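Residue numbers (my numbering), protein chains in the order written: chain A, 561 to 795; chain B, 892 to 1093. Here's the structure, in structure tokens; my notes come after.
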């Protein structure tokens, strides 16, 4: 009887491990490395930022998560309704590294997350102001499954508890049909535009203790009806 | 015993799969929404920000006392007319329900915008008119919304309400934000329109 019980428990554990392996190595989970905006004829505004919390202006969360708030004395989001939310304020640079604006990003873990479908989802919005251009709001659903699979899990497996390499991937997975985010212009030359946006991450180093150590974000916003050389496209 | 092991494996895969399918990986805590239905359609909701305790950040050039302490706001000339603030957002019961950003830009402060982010419900993006109207209100138009606020249109008003309680622990005042939103009109199918017209005729 005891032998059968041990076999059953062992079987259960093997079954759970098999399921975890099947999910982790699932060849059907989509790898989204090519931006849908890379084939557009329209001009695309590219805004870069450091995805390392300590490099930004302000980063805050519940204060108990992996990434520490920055600066250390910033108000933390510990209340139950916002405990799974992080807020970041950062400067944004253009492709030449010149200051392009300031952006606020609110990110909340999404209830649509489905591990079985390879979806580790985050609902996020950007509130951006670009001097001389105007303001824009970007709403997107982000999928961090590939990021977790390629960076976070290998870092935890590593004896040094970190990951080094080069990984680039689009994290935007919706809500628009092509897996792009929705951007709405609010003022200046962007006033009234409704367009698409895609956010990508380029990671080079990650630590289990601190989170991202060397990581850049790039937010691409398509400007409909503007080709390179148009006044609106001039940087 | 081998049969028991195999049964255990199958049971393990099935139980794990069922657990992942039925148990939510993320469960956002919700406060009860305090919505008032307007008599002429749509609904209203009042949020507020207690000042100074709910202020997370003031990003503006030449701040004598940066908030948060240690904030290194860029001194670039392009950002001279910009003021960015981050807040915790509360409902009428004074419970925190979200976070919000307010941006004011332009030499004459002609761009004022809010983004309200309620994790369990969605986000609102609002452009305000720069001039306050009678009663100290500033009015703004909902430009975009997500999830619960998708396909909605309406207004948001902001006003400063100074604290009159005199209590030692009371905030200096609050920024009151009142939304008035309504779902965008949907196309009514033709057959339904005809039925309505016939009913009205009869």
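Glycine included, each C-beta is placed from N, C-alpha and C at the ideal position. The structure displayed is predicted, hence computed values, not measured ones.
Short Cβ contact (9 Å threshold) for residue i with residue j
| i | j | result |
| --- | --- | --- |
| residue 895 of chain B | residue 568 of chain A | yes |
| residue 990 of chain B | residue 978 of chain B | yes |
| residue 741 of chain A | residue 698 of chain A | yes |
| residue 1019 of chain B | residue 1059 of chain B | no |
| residue 729 of chain A | residue 761 of chain A | yes |
| residue 667 of chain A | residue 645 of chain A | yes |
| residue 746 of chain A | residue 1034 of chain B | yes |
| residue 726 of chain A | residue 743 of chain A | no |
| residue 750 of chain A | residue 695 of chain A | yes |
| residue 642 of chain A | residue 917 of chain B | no |
| residue 1067 of chain B | residue 937 of chain B | yes |
| residue 995 of chain B | residue 691 of chain A | no |
| residue 622 of chain A | residue 637 of chain A | yes |
| residue 969 of chain B | residue 607 of chain A | no |
| residue 1075 of chain B | residue 1039 of chain B | no |
| residue 702 of chain A | residue 759 of chain A | yes |
| residue 574 of chain A | residue 900 of chain B | yes |
| residue 907 of chain B | residue 579 of chain A | yes |
| residue 681 of chain A | residue 598 of chain A | no |
| residue 763 of chain A | residue 711 of chain A | yes |
| residue 548 of chain A | residue 604 of chain A | Because residue 548 of chain A is not part of the residues shown, which for chain A are 561 to 795, the question remains open. |
| residue 671 of chain A | residue 915 of chain B | yes |
Residue i, DSSP secondary structure in three states
| i | result |
| --- | --- |
| residue 984 of chain B | coil |
| residue 772 of chain A | strand |
| residue 720 of chain A | coil |
| residue 794 of chain A | Only weak support exists for where residue 794 of chain A lies, its pLDDT of 45 falling under 50; the coordinates are left without a value. |
| residue 715 of chain A | helix |
| residue 736 of chain A | coil |
| residue 907 of chain B | helix |
| residue 572 of chain A | helix |
| residue 1004 of chain B | strand |
| residue 1114 of chain B | Because chain B is modelled from 892 through 1093, residue 1114 of chain B falls outside the range shown and cannot be assessed. |
| residue 764 of chain A | strand |
| residue 902 of chain B | helix |
| residue 725 of chain A | strand |
| residue 995 of chain B | strand |
| residue 567 of chain A | helix |
| residue 746 of chain A | coil |
| residue 894 of chain B | helix |
| residue 731 of chain A | coil |
| residue 753 of chain A | coil |
Whole-Å CB distance - residue i paired with residue j, under 8 Å assumed
| i | j | result |
| --- | --- | --- |
| residue 1065 of chain B | residue 942 of chain B | 6 Å |
| residue 1047 of chain B | residue 1031 of chain B | 5 Å |
| residue 1045 of chain B | residue 1013 of chain B | Incorrect: roughly 14 Å between the Cβ atoms, too far for contact. |
| residue 571 of chain A | residue 902 of chain B | 7 Å |
| residue 652 of chain A | residue 609 of chain A | 5 Å |
| residue 940 of chain B | residue 974 of chain B | Not a contact, Cβ separation roughly 15 Å. |
| residue 964 of chain B | residue 955 of chain B | That belief does not hold up - the Cβ atoms of residue 964 of chain B and residue 955 of chain B are roughly 12 Å apart, past 8 Å. |
| residue 715 of chain A | residue 766 of chain A | 5 Å |
| residue 648 of chain A | residue 678 of chain A | Residue 648 of chain A to residue 678 of chain A, Cβ: 25 Å. No contact. |
| residue 1024 of chain B | residue 932 of chain B | At roughly 22 Å, the Cβ-Cβ gap does not stay under 8 Å, so residue 1024 of chain B and residue 932 of chain B are not in contact. |
| residue 611 of chain A | residue 777 of chain A | 4 Å |
| residue 784 of chain A | residue 602 of chain A | 6 Å |
- prompt: When you check each C-beta in the stretch 578-610 of chain A against every C-beta of chain B, which residues fall closer than 9 Å?
  reply: Of all residues in the stretch 578-610 of chain A, 578, 579, 580, 582 and 583 have a Cβ within less than 9 Å of some Cβ in chain B.
task: Taking only beta carbons into account, state which residues of the stretch 975-1000 of chain B come closer than 8 Å to chain A, listed in chain order.
output: Within the stretch 975-1000 of chain B, the qualifying residues are 975, 977, 979, 986, 987, 988, 989, 990, 992, 994 and 996.
task: For the stretch 632-647 of chain A, enumerate the residues whose C-beta is nearer than 8 Å to any C-beta of chain B, in chain order.
output: Cβ contacts with chain B come from 632, 633, 634, 635, 637, 639, 640, 641, 642, 643, 644, 645 and 647.
- request: With 9 Å as the limit, tell me which residues of the stretch 942-955 of chain B have their beta carbon closer than that to any beta carbon of chain A; keep them in chain order.
  value: Going along the stretch 942-955 of chain B in chain order, one finds 944, 945, 946, 947, 948 and 950 with a Cβ nearer than 9 Å to chain A.
- request: Quick one: which unbroken alpha helix (DSSP H) runs of 4-plus residues sit fully inside the stretch 574-622 of chain A? Chain order, please.
  value: As far as the stretch 574-622 of chain A is concerned, it has no whole alpha helix (DSSP H) run of at least 4 residues.
message: Under 8 Å, CB to CB, which of the residues in the stretch 897-910 of chain B have a partner in chain A?
response: Cβ proximity to chain A below 8 Å picks out 897, 898, 899, 900, 901, 902, 903, 904, 905, 906, 907 and 908 from the stretch 897-910 of chain B.
query: In chain order, which continuous runs of the beta strand (DSSP E) of length 3 or greater are located wholly inside the stretch 657-710 of chain A?
result: The qualifying runs are 659-669, 681-690 and 694-703.
query: Can you give, in chain order, each stretch of the beta strand (DSSP E) that sits fully within the stretch 909-943 of chain B and has at least 3 residues?
result: Counting only runs of 3 or more, we get 926-928 and 934-942.
Start-end ranges of the beta strand (DSSP E) lying completely within the stretch 1019-1074 of chain B, minimum 3 residues: The stretch 1019-1074 of chain B contains, as complete beta strand (DSSP E) runs of 3+ residues, the segments 1029-1036, 1043-1053 and 1064-1074 (chain order).
query: Taking Cβ-Cβ distances below 8 Å as the criterion, which residues of the stretch 729-750 of chain A are in contact with chain B?
result: Listed in sequence order: 735, 742, 744, 746, 747 and 748.
query: Between the stretch 911-934 of chain B and chain A, which residues of the former have CB atoms less than 9 Å from a CB of the latter, in chain order?
result: Across the stretch 911-934 of chain B, CB contacts with chain A closer than 9 Å involve 911, 912, 915, 916, 917, 918, 919, 920, 921 and 922, in sequence order along the chain.
The stretch 955-970 of chain B: positions lying closer than 8 Å to chain A by Cβ: Near chain A, meaning a CB-to-CB distance below 8 Å, the residues of the stretch 955-970 of chain B are 959, 960, 961, 962, 963, 964, 965, 967, 969 and 970.
message: What are the residues in the stretch 656-671 of chain A lying within 8 Å of chain B by C-beta distance?
response: Across the stretch 656-671 of chain A, CB contacts with chain B closer than 8 Å involve 659, 662, 664, 666, 668, 669, 670 and 671, in sequence order along the chain.
Residues from the stretch 682-710 of chain A in contact with chain B, defined by Cβ distance under 8 Å: From the stretch 682-710 of chain A, only 683, 685, 687, 689, 691, 692, 694, 695, 697 and 699 have a Cβ closer than 8 Å to chain B.
query: Quick one, which residues of the stretch 1006-1032 of chain B are near chain A if we go by CB-CB under 7 Å, in chain order?
result: Interface annotation for the stretch 1006-1032 of chain B against chain A: 1006, 1008, 1010, 1011, 1014, 1016 and 1018, criterion Cβ-Cβ distance under 7 Å.
Proximal residues, the stretch 1033-1057 of chain B versus chain A, C-beta separation under 8 Å: For the stretch 1033-1057 of chain B, which is checked against every Cβ of chain A, the residues closer than 8 Å are 1034, 1035, 1037 and 1038.
task: Taking only beta carbons into account, state which residues of the stretch 610-631 of chain A come closer than 7 Å to chain B, listed in chain order.
output: Going along the stretch 610-631 of chain A in chain order, one finds 617, 618, 620 and 631 with a Cβ nearer than 7 Å to chain B.
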